[in-house]
Amino acid sequence: MNVVWQNYIESNPHVLRGKPCIKGTRIPVSLILGYLAAGHNPGQIITEFPDLNHEQITACLDYARELAEFEVAG
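Residue numbering for the sequence shown follows full-length UniProt numbering, beginning at 1 and increasing consecutively.
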């Protein structure tokens, strides 16, 4: 599934002090990644947060992948 994370994730200084979250919600990306790291599958996460969908969860993973590729020039 090709998901562009920028379509699903935003940082707004007026929402959760600017933490990246799912657009239109107060659900932080870090929370979704934490659930995935704990072994929950997307279906289980959606059961816990019915306002989410598979594309939003995939966007969280793509966001994390992009952050992991970031390099600081030295």
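Each residue gets a CB set at the ideal place from its N, CA and C atoms; glycine is no exception. As the structure is a prediction and not an experimental result, all values here were calculated from the model.
Residues in the same chain with beta-carbon distance under 6 Å from residue i, minus the five sequence neighbours each way, listed in chain order, please.
i, result
"I46", "L52"
"E10", "K23"
For residue i, count neighbouring C-beta atoms within 10 Å of its own C-beta (all shown protein chains included) and say buried if the count is 16 or more, exposed if not.
i, result
"V4", "exposed"
"A37", "exposed"
Using three-state DSSP, classify residue i as helix, strand or coil.
i, result
"I66", "Correcting the residue identity first, residue 66 is Glu in this sequence and not Ile. The answer is helix: DSSP assigns E66 an H, G or I state."
"I9", "strand"
Report the CB separation of residue i from residue j in whole angstroms; it is logged as a contact under 8 Å.
i, j, result
"Y8", "K23", "6 Å"
"P28", "C21", "5 Å"
"C60", "L16", "Contact flag wrong, Cβ pair sits at about 14 Å."
Cutting at 8 Å between CB atoms, please list the residues of its own chain near residue i, excluding the five before and the five after it.
i, result
"I57", "I32, L36, P42, I45 and I46"
"P50", "none"
Where do the N-terminal and C-terminal ends of the alpha helix (DSSP H) with residue i fall, by residue?
i, result
"L33", "V29 to A37"
"T25", "Counting along the chain, T25 falls outside any alpha helix (DSSP H), and DSSP gives it neither H nor E."
I'd like the list of long-range same chain contacts for residue i, defined as Cβ closer than 7 Å, with 5 residues on each side in sequence excluded.
i, result
"T25", "D51"
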